[in-house]
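*Asks:* Residue 249 in the working numbering sits at position 249 of the sequence shown, with consecutive numbering throughout.
A virtual CB, placed ideally from N, CA and C, is assigned to each residue, including glycine.
Just so you know, these numbers come straight off a predicted model, no measurement behind them.
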Amino acid sequence: MVMRLRTLAVLLLLFGSDLLLSASLGADQPPSSKMEKALARLADLDAAESAVWAEEHEIRYDVQIHAVQAIVELRSGASPASVTSQLEQHHVRVEAQNSQLLRVSIPTQHLEEIASLEDVSFIRRPYTFRELDLAENRGVLKTGAQLLHSYGFQGQQVKIAVIDGGFQGLAKAMKTGDLPSSSISDMIDYTGEGLEEETEHGLQVAEIANEMAPGASLILMRVGDEVDLGNAVDDAIRLGARIISHSLGWFDSNFGDGKGLVDEIAKRALNAGVLWVNAAGNQATNHWMGLARVNNNNEWIEFAPGVNDLEIYATFPGEIDLVLVWDEWPITYQDFDLYLTDWKDNVIASSEEDQMGLAPPREMIQHFVAQPGLYKVKVKARRVSKPVRLKVWSLNSEHSLSPAVAAGSVVAPADCTCTLAVGAINVFQWEKGWAEFYSAQGPTSDGRIKPDLLAPDNIRGFSGTSAAAPGVAGAAATLLSEHPEWDVNELEAALEAQTVDLYEPGKDNFSGYGRMQLSLASPQASRALSTTQVHPGEDVVVTLTAQMPASHFGTFEWVESVPRQLVVAGIEADGAQVSFQKDSDPMQIRWLWSAVGPGERRRATYHIHVPNEASPAQYELSGSLNGLTVTGDTTLAVHYEARSAQITNRPVITTQITKRAIEFHFNRLIQTGIERLDVQIFNLDGHAQSSSQLSPGQHMAIPLGRHWANGIYLYRVIYRDIAGKMLGQEIKKLILLR
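(1) Counting C-beta neighbours from all protein chains within 10 Å, is the total for G77 16 or more, i.e. buried, or is it exposed?
(2) Which one of L340, P387, P317, N98 has the shortest CA to CA distance from V369?
(3) Less than 8 Å between the C-beta atoms of A161 and I208, yes or no?
(4) Tell me whether the beta-carbon of A292 lies closer than 8 Å to the beta-carbon of V384.
(5) So what's E264 in DSSP terms, helix, strand or just coil?
(6) Mind the definition here: the stretch 355-375 touches the stretch 198-216 only if three or more C-beta pairs lie below 8 Å; say whether that holds.
(7) Do the CB positions of A272 and I237 come within less than 8 Å of each other?
(8) If you pair each beta-carbon of the stretch 617-635 with each one of the stretch 578-585, do three or more pairs fall below 8 Å?
(9) In chain order, what residues of the same chain have a beta carbon less than 7 Å from the beta carbon of A70, not counting five sequence neighbours either side?
(10) Just to check my reading of the structure: W393 and H287 have Cβ atoms closer than 8 Å, yes? What is that Cβ distance to the nearest angstrom?
(11) In whole angstroms, give me the CA-to-CA distance for Q698 and S691.
(12) Determine the closest residue to S742 out of I312, A54, H201, E504, with distance taken between C-alpha atoms.
(13) Grouping DSSP H, G and I as helix and E and B as strand, with all else coil, what is R515?
(14) Can you give the Cα-Cα distance for D585 and E663, rounded to whole angstroms?
(15) Go through the stretch 359-440 residue by residue and report every complete run of the alpha helix (DSSP H) that reaches 4 residues or more, in order.
(16) Would you give the residue range spanned by the beta strand (DSSP E) that R460 belongs to?
(17) Can you give me the start and stop residues for the alpha helix (DSSP H) that N489 sits inside?
(18) Got a sec, what are the start and stop residues for the beta strand (DSSP E) W593 sits in?
(19) Given a threshold of 16 other Cβ atoms within 10 Å of its Cβ, counted over all protein chains shown, does I85 qualify as buried or as exposed?
(20) For a test of the three-state rule: what should DSSP assign to D452, helix, strand or coil?
(21) Quick one: residues in its chain with C-beta nearer than 6 Å to the C-beta of P563, no 5 flanking neighbours on either side, listed in chain order?
(22) Run the CB neighbour count on T465, radius 10 Å, all protein chains shown included, and call it buried at 16 or more, exposed below.
(23) Give the straight-line distance between the Cα atoms of R75 and D309, rounded to the nearest whole angstrom.
(24) Please confirm whether S561 and S622 have their CB atoms less than 8 Å apart.
(25) Would you call the stretch 184-202 in contact with the stretch 265-284, where contact means no fewer than 3 C-beta pairs closer than 8 Å?
(26) Please list the terminal residues of the continuous alpha helix (DSSP H) segment that includes H287.
(27) Go ahead and label S695 buried or exposed: buried means 16 or more other beta carbons lie within 10 angstroms of its beta carbon, across all protein chains shown.
(28) Starting from E55, trace the alpha helix (DSSP H) both ways and give me its first and last residue.
(29) Given this structure, state the Cα-to-Cα distance separating R138 from D257, to the nearest angstrom.
(30) Select from A701, A688, E36 the residue whose C-alpha is nearest the C-alpha of L358.
(31) If contacts are defined as beta-carbon pairs under 8 Å, then D415 and K450 qualify, I think. What distance do you get, rounded to the angstrom?
(32) Quick check for students: name the residue ranges of the beta strand (DSSP E) that lie wholly in the stretch 186-262, counting only runs of 3 or more.
(33) Roughly how many angstroms separate the alpha carbons of D186 and K175, rounded to a whole number?
(34) By alpha-carbon positions, which one of I59, I674, Q689 ends up nearest to P703?
(35) Using the C-alpha atoms, what's the distance from A269 back to N489?
(36) In whole angstroms, what is the alpha-carbon distance linking D574 and H535?
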């Protein structure tokens with residue numbers, strides 16, 4: 001039997017201290033190997049020694065047949081079927097496969113033979129994953145979901161794929177009704193060991209998703225490595241899942257930049273229209289990242305000036321699990337080794353893989369310590385030719401690192417743009433509290449903000465971001481039952497919009513957009529045009545209005561897109577931060593209101609000038625508020641009409657502002673067919689202040705009452721013929737100072 005099953009987890013790296021790297025490039029490099037040293041070593045050991053070695057190096061070893069479970073990477077363009085045939089001739093059992101990876105069971109005496117095959121690129125241990133929980137059990141969430149349930153939105157007709165490391169206790173939960181059998185549409189085990197083996201973590205995740213969306217159908221999928229993960233995602237897409245809930249993190253599949261094999265698997269789901277909800281991770285205090293600097297007197301990396309180790313204090317006997325990765329994915333020539341020592345600096349465990357252009361940039365230690373006390377983590381530079389960022393993870397939540405770097409501790413694939421990363425906030429501090437101290441923080445190693453939002457943990461004892469993520473997955477299902485027409489982008493935008501902002505205004509690396517707060521109401525946003533029919537040379541006023549629901553407090557981000565054939569002639573802010581990208585196509589205007597209270601409104605205005613050379617056409621305006629589509633006027637029609645004389649012989653509108661009135665005089669110079677003027681005055685919010693009509697030669701005075709404040713006003717003049725048909729229009733400014 002396999003002695004140890006690894007749990008899926010990969011946390012993202014982040015920016016640590018500014019350490020400089022010393023370079024020491026080895027002179028004569030040994031020949032490249034197509035196999036990890038930790039696997040090759042087994043061929044030289046007897047059965048008893050092999051079992052101990054496998055335990056210490058996270059190798060799945062079957063002591064009965066002296067075989068290891070490993071991942072075989074195929075050469076680009078190689079046929080999996082052809083390679084499978086070759087492996088079977090060497091007594092290798094293929095357990096699972098996809099396009100470029102095989103999971104196999106290889107007798108140790110045949111490892112070198114398999115590595116020498118032309119179509120085999122590399123043989124390695126599977127990537128390391130862990131469950132992102134801290135305790136046990138499950139519960140009901142305080143996120144507003146019950147309000148949606150009461151209106152009948154419970155996730156009906158929505159499938160959620162729960163991809164996890166085990167569902168121990170599933171049969172009992174189905175019998176007792178803790179997870180009703182009617183809520184499960186499919187159950188698939190990809191490991192070959194049984195759906196209910198190893199851990200109850202997946203069952204707890206599934207129960208939270210079910211409590212949040214009792215009408216949704218669950219697809220339960222047990223995976224053991226990245227081969228299983230890829231196959232599970234393909235099946236989830238095939239079975240019609242709209243949402244994937246993944247409370248596992250992968251620690252050694254990338255450097256936290258949203259790339260790598262596991263993140264590419266998540267991107268397949270997004271491309272198929274599936275929302276991937278991932279736990280952000282719990283390693284904020286178990287993570288270090290920085291540039292590698294070598295002490296001048298030795299090869300040990302400094303984690304701070306003069307500090308050559310990270311400290312771990314074990315309060316009781318147990319395993320210390322460590323992962324070292326560096327910013328050289330997917331393969332590297334830069335070579336670092338990882339060591340665990342006692343408090344006297346005596347080495348008690350090590351990982352010394354040879355990175356020579358074929359191996360991934362990672363080292364791993366799993367060591368059982370029998371005595372509580374102080375232990376140290378050390379990294380040695382073996383062959384380094386340039387500055388390299390390192391990342392060290394302590395996977396056991398009880399074993400924090402000191403010093404630790406919380407920034408950049410988001411786990412893969414939560415680091416990907418293709419996933420919704422969920423941090424945790426204690427349910428008992430829901431209204432006032434911040435993110436849990438261990439909840440992973442951004443930014444990603446390429447500078448993006450993560451996580452995306454927070455949801456509650458400590459649900460009847462089940463703590464960690466593992467408990468938070470399925471709550472968001474269930475919330476997504478309830479929203480889809482209310483809005484089945486939404487695509488994955490609209491669904492993600494709605495979840496991010498239905499949050500209560502925390503920390504600094506706007507999205508941040510501690511809480512994302514804030515804590516999830518579902519509501520039947522979403523922020524309302526509308527666009528109104530002063531006219532939807534214009535001629536070349538004329539102007540249009542665009543008024544934007546947004547209102548926060550009574551149950552929400554947070555940020556408004558309005559993004560408006562304007563075709564490049566038009567000219568944005570003026571932008572009003574209404575207290576927002578405004579940016580204008582006139583060189584983009586279409587042009588984009590962005591308003592950001594950092595603090596909007598419950599029920600409050602915000603308005604903004606911009607002006608469009610239609611150039612004389614603009615072609616007659618329907619011009620489309622578009623925009624979004626917090627990612628949600630804006631309603632109202634969207635089309636501006638530019639067209640030509642018979643306007644011959646009045647274009648060159650426009651009537652002259654004379655304006656004069658006195659202390660008591662605004663005066664207009666219509667003086668027609670030449671007979672043009674214009675027999676009436678409609679004059680409207682607007683404030684900058686787009687509200688009409690006055691509306692009047694003028695005939696040729698007529699004088700008009702508009703009294704200035706108390707409701708006329710000092711400032712800028714716009715007046716629109718519409719030219720009409722004797723039948724009242726509009727012949728043209730123009731918009732001008734008035735400045736009122738009394």
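*Replies:* Considering the structure as presented:
(1) exposed
(2) P317
(3) no
(4) yes
(5) helix
(6) Because the criterion of three Cβ pairs below 8 Å is not met, the stretch 355-375 and the stretch 198-216 do not touch.
(7) yes
(8) no
(9) L39, V104, I106, I123, R124, R125
(10) 6 Å
(11) Rounded to the nearest whole angstrom, the C-alpha separation of Q698 and S691 is 15 Å.
(12) Residue 742 lies beyond the range of the chain shown here (1 to 738); nothing can be said about it.
(13) strand
(14) Going by the C-alpha atoms only, they are around 42 Å apart.
(15) none
(16) That residue, R460, is in no beta strand (DSSP E); it is neither H nor E in DSSP.
(17) 488-497
(18) Residues 587-596.
(19) Before going on, a small fix: residue 85 reads as Ser here, not Ile. Its Cβ having fewer than 16 others within 10 Å, S85 is exposed.
(20) coil
(21) P586, Y619
(22) By the Cβ-count criterion, T465 is buried, with 16 or more other Cβ atoms from all chains shown falling within 10 Å of its own Cβ.
(23) Approximately 38 Å between the Cα atoms of the pair.
(24) For S561 and S622, yes; Cβs fall inside 8 Å.
(25) Counting Cβ pairs under 8 Å, fewer than three are found: no touch.
(26) Segment 287-291 is the beta strand (DSSP E) holding H287; no alpha helix (DSSP H) there.
(27) Label assigned to S695: exposed.
(28) It spans 47-56 - the alpha helix (DSSP H) in which E55 sits, taken as one unbroken run.
(29) Below a pLDDT of 50, predicted positions are generally treated as unreliable, and R138, at 36, falls in that range; no measurement from the model is reported.
(30) E36
(31) 6 Å
(32) 217-222, 243-246, 248-250
(33) 17 Å
(34) Q689
(35) If you draw a straight line from the Cα of N489 to the Cα of A269, it comes to about 13 Å.
(36) 29 Å
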